[in-house]
Amino acid sequence: MAEEKIYLYPVWLRIWHGINALLIIFLIATGISMQYANPEYPFIRFDLAVSIHNICGVLLAINYVIFLPSNLATSNRRYYVDGLKNIGPRMMRMMRYYLTEQPKKKPSPFPVTKENKFNPLQAMTYSIVMVIFLPLVITTGLALLFPETIAKEVFGYSGLFLTALLHSAIGFLISIFLIVHIYVCTTGKKITDNFKGIITGYHTNH
Amino acid sequence: MECHLPEITHNSHMKIYIGGLMVITLTLFFNFPIHSQEVVIMDNEPAYFEDNKHCFQCHGQRFYTYENEFTGRIERKAMNPNLIYDADEFYSGVHRHFSCTDCHSPDYEIYPHDTELRFEEMFSCLDCHGGDPTWKRYNFELIDDEFHKSIHSPDHIEAFNCWSCHDPHSYRLKTRSNFSTREIVTYHNNTCKTCHDNPDRFQLISEELKPSLEQIHDFLPNFNLHFNAVRCIECHTEPEETMWVAHNILPKEMAVRNCVECHSTNSRLMSSLYKYQSLENRRERGFFNAIILNDAYVIGANRNHFLNVASLVILGLVLLAMIGHIILRIIK
Chain A
0 MAEEKIYLYP VWLRIWHGIN ALLIIFLIAT GISMQYANPE YPFIRFDLAV
50 SIHNICGVLL AINYVIFLPS NLATSNRRYY VDGLKNIGPR MMRMMRYYLT
100 EQPKKKPSPF PVTKENKFNP LQAMTYSIVM VIFLPLVITT GLALLFPETI
150 AKEVFGYSGL FLTALLHSAI GFLISIFLIV HIYVCTTGKK ITDNFKGIIT
200 GYHTNH
Chain B
0 MECHLPEITH NSHMKIYIGG LMVITLTLFF NFPIHSQEVV IMDNEPAYFE
50 DNKHCFQCHG QRFYTYENEF TGRIERKAMN PNLIYDADEF YSGVHRHFSC
100 TDCHSPDYEI YPHDTELRFE EMFSCLDCHG GDPTWKRYNF ELIDDEFHKS
150 IHSPDHIEAF NCWSCHDPHS YRLKTRSNFS TREIVTYHNN TCKTCHDNPD
200 RFQLISEELK PSLEQIHDFL PNFNLHFNAV RCIECHTEPE ETMWVAHNIL
250 PKEMAVRNCV ECHSTNSRLM SSLYKYQSLE NRRERGFFNA IILNDAYVIG
300 ANRNHFLNVA SLVILGLVLL AMIGHIILRI IK
């Protein structure tokens with residue numbers, strides 16, 4: 000079967016994605032280092048980890064603010080909107096494909112096209128990450144940066160504590176997403192195909 | 000110049016003994032543990048309320064009036080701000096049952112005061128509290144030892160004494176009472192700020208011009224957050240096992256600057272600010288240093304055991320799924 004190259008990732012999206020990826024990796028590394036700080040086994044020096052985490056957090060917030068209007072102004076939004084149509088059965092179909100068909104190198108039931116960049120599982124997880132996780136982690140992170148803005152008490156619990164707990168929980172879920180996201184990217188024809196695609200802008204269908 | 004301690008000391012000792020005896024008797028009668036009772040009874044009428052009114056009439060006000068015997072006129076004068084004492088503060092403090100002349104010369108009852116009285120030697124804490132079993136649990140002798148080891152000791156600063164930090168006219172037992180941690184922090188830090196954030200007071204004992212507290216602590220990511228949540232002594236003293244409040248103030252070069260000393264599960268806050276609470280409740284709802292959570296969230300110190308396990312399980316399952324998928328991809 001002949002290779003087909005589709006231009007899926009415009010320059011702005013690739014730059015945004017690259018910045019996002021780097022920032023999230025730095026945020027996860029410094030976040031883990033702070034959360035599991037140990038004077039005997041320092042991973043990243045605490046004060047350095049705090050500074051890096053704060054700077055990367057603010058940059059991630061700016062990057063997210065850039066992403067929103069860019070996504071709305073371009074056709075990129077349709078991948079999220081269309082990808083979520085009739086999502087339940089389509090997601091189940093895609094899971095079955097990942098578990099039983101993909102290892103046998105069978106073709107995807109939702110091949111990548113100019114119109115459908117995301118398969119249903121991707122559309123769902125990316126939507127959750129972009130619409131729920133990132134706004135939550137950014138909002139709680141900014142609140143922790145300015146703790147005087149946090150309510151002192153919420154339902155009998157310290158507002159600061161709940162904010163910090165939510166921030167680390169979402170941070171953890173984003174870490175899990177990152178691990179799965181990177182792994183799924185290795186499932187192209189060649190392990191490196193999808194990584195090349197997000198750098199060059201072209202997705203290769205085999 | 001010859002200074003003397005007024006004989007009234009014995010009276011105050013007598014009152015303290017009687018007060019202490021009453022508390023012990025009541026405690027035994029009601030079968031309350033002794034450590035839950037304070038030696039000073041705080042909710043009754045101060046013993047010398049009426050007598051002290053005479054002093055507070057002038058020293059409790061910004062302005063006072065007196066009759067000038069030479070001119071026969073009533074004069075209105077501004078009180079020296081260093082000599083103004085709030086009566087409410089005094090009666091909320093631990094010395095509330097004292098008469099002013101228990102500690103000050105009875106000659107102060109005469110106005111105008113004799114100018115030589117201002118040179119009277121003040122008592123130190125140990126003059127009343129030292130070697131007395133009533134006050135044993137407050138560790139006055141140990142506090143004195145620690146103070147003499149500290150950078151505040153008279154070896155370093157000649158004029159420094161207990162009163163430089165603790166005003167006997169308003170001193171309260173904050174750490175052992177039902178005050179919130181925030182209140183304790185504010186109270187203790189205000190004690191330090193009285194000199195360290197006040198150039199006029201600071202220069203009474205040093206010719207150094209010091210930068211602001213915020214400039215000195217510019218290495219902290221959020222100075223105000225730290226300053227409102229922990230006491231200065233958390234980083235500037237060596238915690239002492241048997242004392243609630245460490246008094247060995249270290250030279251600035253020895254102050255804690257390593258964040259993880261607090262921001263880790265083995266947080267030093269648990270042996271200082273949260274020492275009292277930590278003895279009562281070491282671990283709650285799976286949180287390390289859970290007691291801190293009532294007042295603050297200290298990154299690194301407030302991990303949750305159950306969440307740690309849950310996150311490891313989730314991570315493990317994800318990795319297992321990925322390994323399973325890789326195996327399927329390999330064997331096709």
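So the protein lines, in turn, are chains A and B. Residues in the first sequence are numbered consecutively from 0, following numbering that gives the first Met the number 0. Residues in the second sequence are numbered consecutively from 0, following numbering that gives the first Met the number 0. Beta carbons are placed, not taken as given, at the ideal position from N, Cα and C, and that holds for glycine.
Residues sharing a beta bridge with residue i, DSSP
{"i": "HIS202 of chain A", "result": "A:ILE5"}
{"i": "THR236 of chain B", "result": "B:ILE248"}
{"i": "VAL153 of chain A", "result": "A:TYR156"}
{"i": "ALA77 of chain B", "result": "B:PHE62"}
Continuous alpha helix (DSSP H) stretch holding residue i: start and end
{"i": "GLY71 of chain B", "result": "Segment: none, GLY71 of chain B is in no alpha helix (DSSP H) and carries neither H nor E."}
{"i": "LEU332 of chain B", "result": "Only positions 0 to 331 of chain B appear in this structure, which leaves residue 332 of chain B out of reach."}
{"i": "SER69 of chain A", "result": "45-72"}
{"i": "ASP106 of chain B", "result": "From DSSP, ASP106 of chain B is part of no alpha helix (DSSP H); its letter is neither H nor E."}
{"i": "PHE139 of chain B", "result": "139-148"}
{"i": "CYS99 of chain B", "result": "99-102"}
{"i": "PRO134 of chain A", "result": "133-144"}
{"i": "THR186 of chain A", "result": "Note, THR186 of chain A: premise wrong, no alpha helix (DSSP H); not H, not E."}
{"i": "TYR125 of chain A", "result": "119-126"}
Alpha carbon of residue i to alpha carbon of residue j, nearest angstrom
{"i": "GLN34 of chain A", "j": "ALA300 of chain B", "result": "8 Å"}
{"i": "ILE181 of chain A", "j": "GLY17 of chain A", "result": "13 Å"}
{"i": "LYS76 of chain B", "j": "PRO167 of chain B", "result": "25 Å"}
{"i": "HIS166 of chain A", "j": "LEU26 of chain A", "result": "12 Å"}
{"i": "PRO250 of chain B", "j": "ILE156 of chain B", "result": "12 Å"}
{"i": "LEU58 of chain A", "j": "LEU47 of chain A", "result": "17 Å"}
{"i": "GLN60 of chain B", "j": "PRO198 of chain B", "result": "25 Å"}
{"i": "LEU4 of chain B", "j": "GLU120 of chain B", "result": "Summary for LEU4 of chain B: the model assigns pLDDT 35, below 50, so the residue's position carries little reliability; its value from the coordinates is reported in the next sentence. Cα-Cα distance, rounded: 7 Å."}
{"i": "ILE23 of chain A", "j": "CYS234 of chain B", "result": "33 Å"}
{"i": "ILE149 of chain A", "j": "GLY155 of chain A", "result": "14 Å"}
{"i": "ARG89 of chain A", "j": "SER271 of chain B", "result": "58 Å"}
{"i": "TYR96 of chain A", "j": "PHE45 of chain A", "result": "44 Å"}
{"i": "ARG95 of chain B", "j": "ALA46 of chain B", "result": "8 Å"}
{"i": "ASN193 of chain A", "j": "THR203 of chain A", "result": "8 Å"}
{"i": "GLU3 of chain A", "j": "GLU114 of chain A", "result": "15 Å"}
{"i": "PHE48 of chain B", "j": "ASP217 of chain B", "result": "47 Å"}
{"i": "VAL49 of chain A", "j": "LEU224 of chain B", "result": "14 Å"}
{"i": "ILE40 of chain B", "j": "GLY140 of chain A", "result": "47 Å"}
{"i": "TYR107 of chain B", "j": "GLY130 of chain B", "result": "29 Å"}
{"i": "TRP134 of chain B", "j": "PRO146 of chain A", "result": "41 Å"}
{"i": "PHE158 of chain A", "j": "VAL229 of chain B", "result": "Per the sequence shown, residue 158 of chain A should be read as Gly rather than Phe. Whole-angstrom Cα-Cα distance: 18 Å."}
{"i": "ASN143 of chain B", "j": "LEU125 of chain B", "result": "The residue you asked about is not Asn; residue 143 of chain B is Asp in the sequence shown. The straight-line gap from Cα to Cα measures roughly 8 Å."}
{"i": "MET242 of chain B", "j": "PRO41 of chain A", "result": "31 Å"}
{"i": "ALA36 of chain A", "j": "ASP50 of chain B", "result": "58 Å"}
{"i": "PHE226 of chain B", "j": "GLN214 of chain B", "result": "13 Å"}
{"i": "SER266 of chain B", "j": "VAL259 of chain B", "result": "8 Å"}
{"i": "LEU63 of chain B", "j": "ASN138 of chain B", "result": "The sequence given here places Tyr at residue 63 of chain B; Leu does not occur at that position. Roughly 40 Å between the two C-alpha positions."}
{"i": "LEU219 of chain B", "j": "GLU252 of chain B", "result": "16 Å"}
{"i": "GLU66 of chain B", "j": "TYR110 of chain B", "result": "10 Å"}
Beta-carbon neighbours of residue i, restricted to chain C and to distances below 9 Å
{"i": "PRO153 of chain B", "result": "No chain C is part of this structure, whose protein chains are labelled A and B."}
Which of helix, strand or coil DSSP assigns to residue i
{"i": "PHE178 of chain B", "result": "coil"}
{"i": "SER32 of chain A", "result": "helix"}
{"i": "ASP166 of chain B", "result": "coil"}
{"i": "TYR84 of chain B", "result": "coil"}
{"i": "LEU116 of chain B", "result": "helix"}
{"i": "GLU114 of chain A", "result": "coil"}
{"i": "ASN85 of chain A", "result": "coil"}
{"i": "ASN197 of chain B", "result": "coil"}
{"i": "MET121 of chain B", "result": "coil"}
{"i": "CYS161 of chain B", "result": "helix"}
{"i": "ARG171 of chain B", "result": "coil"}
{"i": "LYS209 of chain B", "result": "coil"}
{"i": "SER263 of chain B", "result": "coil"}
{"i": "VAL22 of chain B", "result": "Its pLDDT being 42, under 50, VAL22 of chain B is placed unreliably by the model, and the measurement read from it follows with that caveat. Residue state, collapsed to three classes: helix."}
{"i": "PRO102 of chain A", "result": "helix"}
{"i": "GLU49 of chain B", "result": "helix"}
{"i": "TRP243 of chain B", "result": "coil"}
{"i": "MET41 of chain B", "result": "coil"}
{"i": "ALA309 of chain B", "result": "helix"}
{"i": "LEU219 of chain B", "result": "coil"}
For residue j and residue i, believed in contact at Cβ under 8 Å, the rounded distance
{"i": "PHE89 of chain B", "j": "SER169 of chain B", "result": "6 Å"}
{"i": "LEU133 of chain A", "j": "TYR63 of chain A", "result": "6 Å"}
{"i": "PHE109 of chain A", "j": "MET93 of chain A", "result": "6 Å"}
{"i": "ILE61 of chain A", "j": "VAL317 of chain B", "result": "About 30 Å; that fails the 8 Å criterion."}
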